[in-house]
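Student: Going line by line, the protein sequences match chains A and B.
The opening position of the first sequence corresponds to residue 6 in our numbering, with each subsequent residue numbered one higher.
The opening position of the second sequence corresponds to residue 1033 in our numbering, with each subsequent residue numbered one higher.
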Amino acid sequence: MNKLVKLFTIFISAITLTLASISSSFAKVEGEYIVLGSAISLTGKYSSNGVHTQNGYNMAVERINKMGGVKVGGKSYKFEIIYYDDESNPKRAAQLAERLIKQDGVHYMLGPYSSGLTKAIAPVTEKYKIPMVEANGASRSLFTKGYKYLFAVLSPANQYLEVAIDLAVEKNGGKPVKIAQAFEQDAFSQDVRLGILDAAKRTGSEIIIDDKLPKELNDMAATLAKVKAVKPDVLVVSGHTKGALTAIRQISEMKVDVPMLAMTHCDAAKLSKQHGKKSEYALCASQWHKNLSYKDKFFGSGKKYDKDFKKEFGYAPPYQSAESSAALLVFKDAFERANSFDRDKVRDALKTTEMQTFYGNIKFGPGGQNVAKPMILFQVRCKGDVCENKVVAPTKWASDKFYHPIPKWSERS
Amino acid sequence: MDFLIFKAPMLMVQASLDGILLGILFALIAYGMALQWGVMNIINIAQGDLVILGGYIAYTMYLAGIHPAWGVIVSPIIMYFVGWALYKLVINKVVDRDLFISILATFGIAIVFQQLMNFIFGADVVVAQSEYGTTMLFDNSVTLPNSKIFSAFISVLYAIALVVYMKKSRLGRAIRATAQNARAAKILGVDTEKVYAATFGINAALCGIAGALISITLTLHPYVGLPYTVRSFMIVIVAGLGNLPAVAISGMGLGLFEEFADYILGTEFRIGAVFMLLVFILVYRRFKLSKKREYLK
C-alpha cells in the first residue's frame, strides 16, 4: 500500500514537472501569439480604474491584431494578454507577477493600476529580468531605484501640478505667489507635493499651508477654514478621487474664495458630472486629453480614439485608458525594432524608443519614465448646467483661455 | 504645531461648530453600537459598513431623482430588515459565545459587505447633492453647510424618539430588561431571541439614518466604513453602555477633539490623535478600576 502511494506521488510529480517545463518554454510566444501578462485590479478599491486600464489594453490588442499584428523575423504575430485579478492588494499583485512569470512563463509584462501596485510588482519583474511597460504608476520613486526593465509611458507624478504654479506666477505678473496645499499621505500625492515644492522654490513662492491628509479622511473643513483665514493665491489639492470630491463639496459649502484651485483626479472623479456647476473653474492635471494633436496610424487622433472607445465600451475614455492603450503600441514598436523575442534585445529596443502615439510622444529617460510628453491642465467650464473639461495649458494645445481669477462665491449663481 | 487658531478667534468658532455638528452625527452611530453592545454583548466591527450601506441607499434614491434627504426615512426601514436578517443568519449563532468570536464574525460580515457594495455600486467615490446651501455667520467669516445642520438636527430628533420608545413601548422595556439580565428576562416570559433580532435591527436602522446623512454631508465609498466603527467604539468606551446623554456628550467631545487636533497638531495627526486618545482613555479607565478594586478589598 505504502509503496503504491509512493509510486503514485512520483508519477504525479513527474507529470507536473514535464507539464511545467513545457508550458514555460512555449508560453512567451505560443504559435502566432505573443503572450503578455498583467495583474490588474478587477475587484477592490481600485476596480473602476483597473477596468479602465484593462479596457485600454484590450482595445489596443484588438486594434493591433486587426491591423496586421506585430512583425518579427518576417512573420506576423498577434498579442494576447493573460490577466489576473490582484484585488487592489499589493501583496497579491506581487504574488501574481511571480505566478505569471514562473508558472505561465510570461516574458513580457504590462503594468497594473496605481503607483502602489506597480511598486509591488517592479522588484519581481526586475528579479526575473522581464521587461514591463506600465501606464499607471506615476510615482517618482519608481524611476529613482535604478530599475532596468521598467518603462512608463506616462509623465511622473512630480510634474502633475508644477505647471499650475507657473501659471499662477504668470497671472501674478511674474511675482511669487502664496500657496496653500493639502495632499493625501500616499506615494503618488506626496510626489505631486514634491513637484510643487520644487516649483515654489524655483519661483520664490511661499507655501503658507501644507496639510497632509490621512488616508481615511473625508472631511477637509479644518484645512479649508485655514485657507479662508490666510487667503492664498492658489490652493492645491491632491488626494485621488475622494480628495477631489471632498474638496469641491466643502469649498462650495463653506464658500471658500480662492483665485485659483488646482487638483488631480478630476476626470476619474467625474467631477463635472457629480458636482456640476460647483466644480466650475477647477484646474485639473491630466496625462491626456482627446483634443491634443498627437497622431498615430493605429488609433488616428485623440478624438478618433475617444469616438472608437465610446463605441466599444459605452463611455468616454479617461486618460487611464488612453495611456494603457499606448503601452501596447510601445511594445509592438519595440518587438519590431528588436526583430527578436529575446528579452534583453526587446529591453534594449524599449530603451531606445522614440515615437509618437495618439496619447503623446514617448521617449524613456534613464529611470524609465517618459520624458517626451508634458502634462496638460484643463479647467472645468460650464454652459448652463452642462460642464466640460477645457484644455487651458500648455498654450500649444489650449482650446480655451484660462479663466482667472475664480469669481467669488457671492458673485456666482 | 500650528497656533493659527489662537490668533483668529473666528477659526475657533468655526472649528467648534464643525466639531459639534460632526460629533452629533458620530454620537448617533455610537448610540446604536452602545445599544446592541449592552443588550447582546457584541462589538460590531461591521458598524461602519452598515452606515455606508445606508448611505448607498440614499444615493440610489438620489440617482433615481428623489431628494436624498428622504433617505433618512427610507434607509432606516430597509436597514432594519437588513439588520434583522443579519441577526437571523449569523449573529444568533455567536450571541452567547465570548467576545472574540463575535468580533471575528462581525469582522467577516464587514468584509463581505465591503465587497458586495463594491460589486453593486462600484469602487467610485460618490456624493449625493442636497442643494441646501450655506448659513453664514459673523459677516461671512464662519460658514456652516446647511446639510451639516440638517444632519445634526435629524440625529437629535431620532435619538430623542428612540429614548422615548425605549422608555414607553413594550419592546423597549423588553430590550432594557434583557440588557439588565437576559436569563431573568427569559424566565419572566420575554422572548429574548426576538429582542436580540429587534435590537440588531434598530442598530442597523440607526446606521441607515447616519449613512443617509453622510451621503449629503461627506463622501461615500465601499471601503470607508472602518473609521466610523473606530469612532463609535471610542465614543462608547468613553461614555459607557446604555447612557444616551453621555454618548451625546462624548460624541461632541470627540468631534471637537478631532477638529482642534487638526488645527493644532496638523491634519495628518487628526485620526492618529483619536487613536492616541483611545489608548489614553483605556489606560486611565484601567487605572481607575484597579484603584476601586483596592478600595473594595
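We put the CB at the ideal spot given by N, CA and C, even for glycine.
In this text, all values refer to a predicted model and were calculated from it rather than measured experimentally.
Against chain B, which members of the segment 255-282 of chain A pass a CB distance test of less than 9 Å?
Tutor: Of all residues in the segment 255-282 of chain A, Gln255, Ser257, Glu258, Met259, Lys260, Val261, Ala273, Ala274, Lys275, Gln279, His280 and Gly281 have a Cβ within less than 9 Å of some Cβ in chain B.
Student: Within 10 Å of its beta-carbon, does Gly1097(B) have 16 or more other beta-carbons around it, so buried, or fewer, so exposed?
Tutor: It counts as exposed.
Student: Could you list which residues in chain B have their beta carbon closer than 7 Å to that of Ser53(A), in chain order?
Tutor: By Cβ distance, chain B contributes Gly1154, Ala1155 and Asp1156.
Student: What's the C-alpha gap between Pro4(A) and Ile411(A)?
Tutor: Since the displayed chain A opens at 6 and closes at 418, residue 4(A) lies outside it and no answer follows.
Student: Could you check whether Ala44(A) and Pro117(A) sit closer than 8 Å to each other, using their CB atoms as the reference points?
Tutor: A contact, by the Cβ cut-off of 8 Å.
Student: Out of Gln292(A), Ala234(A) and Leu122(A), point me to the one whose CA is closest to Pro95(A)'s CA.
Tutor: With distances taken between Cα atoms, Pro95(A) lies closest to Leu122(A).
Student: Under 8 Å between the Cβ atoms of Tyr1063(B) and Leu1238(B)?
Tutor: In contact: Tyr1063(B) and Leu1238(B) (Cβ atoms closer than 8 Å).
Student: Count the other CB atoms, across all protein chains shown, that sit within 10 Å of the CB of Phe31(A); report buried if there are 16 or more and exposed otherwise.
Tutor: Low confidence applies to Phe31(A): its pLDDT is 46, below 50, so where it sits in the model is not reliable enough to give any reading.
Student: If you run the structure through DSSP and keep just helix, strand and coil, what is Asp301(A)?
Tutor: Here Asp301(A) sits in strand by DSSP.
Student: Using a Cβ-Cβ cut-off of 7 Å (strictly less than) and excluding sequence neighbours within five positions of Thr986(B), which residues of its own chain qualify?
Tutor: Since the first residue shown for chain B is 1033 and the last is 1329, residue 986(B) is missing from the structure and cannot be characterised.
Student: Check whether chain A comes within 8 Å of Arg1263(B), counting only Cβ atoms and requiring the distance to be less than that.
Tutor: No, its Cβ sits nowhere closer than 8 Å to a Cβ of chain A.
Student: Taking the C-alpha atoms as reference points, what is the distance between Leu1321(B) and Met1198(B)?
Tutor: One C-alpha to the other measures close to 30 Å.
Student: What does Leu1043(B) reach in chain A if we use C-beta pairs closer than 8 Å?
Tutor: Result: Ala230, Lys231 and Ala234.
Student: Work out the CA separation of Gly178(A) and Ala192(A) for me, nearest whole Å.
Tutor: Approximately 33 Å between the Cα atoms of the pair.
Student: May I ask which residues mark the beginning and end of the beta strand (DSSP E) holding Ala185(A)?
Tutor: That run of the beta strand (DSSP E) goes Lys183 to Glu189.
Student: Is Asp1171(B) close to chain A? Criterion is C-beta to C-beta, closer than 8 Å.
Tutor: No, Asp1171(B) does not count as interfacial toward chain A.
Student: Kindly indicate if chain B contains any beta-carbon less than 8 Å away from that of Pro219(A).
Tutor: By this cut-off, Pro219(A) is an interface position.
Student: Does chain B have any CB closer than 8 Å to the CB of Lys247(A)?
Tutor: Yes, contact with chain B.
Student: Quick check: the segment 1143-1158 of chain B against the segment 51-68 of chain A, are at least 3 beta-carbon pairs closer than 8 Å?
Tutor: Output reads yes: the segment 1143-1158 of chain B touches the segment 51-68 of chain A.
Student: Do we get a CB-CB distance below 8 Å when we pair Gln1046(B) with the residues of chain A?
Tutor: Yes, because at least one Cβ of chain A sits closer than 8 Å to the Cβ of Gln1046(B).
Student: Would you call the CB atoms of Leu172(A) and Ala290(A) closer than 8 Å?
Tutor: For Leu172(A) and Ala290(A), no; Cβs fall outside 8 Å.
Student: Could you run through the segment 185-212 of chain A and flag, in chain order, every residue whose CB is less than 9 Å away from some CB of chain B?
Tutor: Those would be Ala187 and Gln190, in chain order.
Student: Short of 6 Å in beta carbon distance, which residues of its chain neighbour Glu359(A), apart from the five on each side in sequence? Order them along the chain.
Tutor: The residues are Lys368.
Student: According to DSSP, what are the bridge partners of Tyr82(A)?
Tutor: According to DSSP, which records beta bridges pairwise, Tyr82(A) is partnered with Val75(A).
Student: So Thr58(A) contacts chain B; which residues on that side make the cut at Cβ distance below 9 Å?
Tutor: Within 9 Å Cβ-Cβ: nothing; Thr58(A) doesn't reach chain B, min ~13 Å.
Student: Are the C-beta of Ala1142(B) and some C-beta of chain A separated by less than 8 Å?
Tutor: No, no contact with chain A.
Student: Looking at Pro161(A) and Phe148(A), is the spacing between their C-beta atoms short of 8 Å?
Tutor: In this structure, Pro161(A) lies closer than 8 Å to Phe148(A) by Cβ.
Student: Got a sec, what are the start and stop residues for the alpha helix (DSSP H) Asp1294(B) sits in?
Tutor: That run of the alpha helix (DSSP H) goes Leu1276 to Leu1297.
Student: Per DSSP, Phe156(A) forms a beta bridge with which residues?
Tutor: Per DSSP, Val138(A).
Student: 8 Å is my cut-off, CB to CB: does Asn141(A) come that close to chain B?
Tutor: Output row for Asn141(A): interface = no.
Student: Along chain B, in chain order, which residues have C-beta atoms closer than 8 Å to that of Gly319(A)?
Tutor: In chain order: nothing, as chain B lies at least about 14 Å away.
Student: Scan the segment 1199-1228 of chain B for residues whose Cβ lies nearer than 7 Å to a Cβ of chain A and list them as they occur along the chain.
Tutor: Per Cβ criterion, the list is empty.
Student: Which bits of chain A does Met1168(B) rub up against, with CB to CB less than 9 Å?
Tutor: Within 9 Å Cβ-Cβ: Lys260.
Student: At a CB-CB cut-off below 7 Å, which residues of chain A make contact with Tyr1330(B)?
Tutor: The structure shown does not extend to residue 1330(B), since chain B spans only 1033 to 1329, so no value can be given for it.
Student: Could you check the C-alpha separation between Ala249(A) and Phe303(A) for me, to the nearest Å?
Tutor: Approximately 34 Å between the Cα atoms of the pair.
Student: If the criterion is Cβ atoms closer than 8 Å, does the pair Leu288(A) and Ala267(A) meet it?
Tutor: Their beta carbons are under 8 Å apart, which means Leu288(A) touches Ala267(A) by this criterion.
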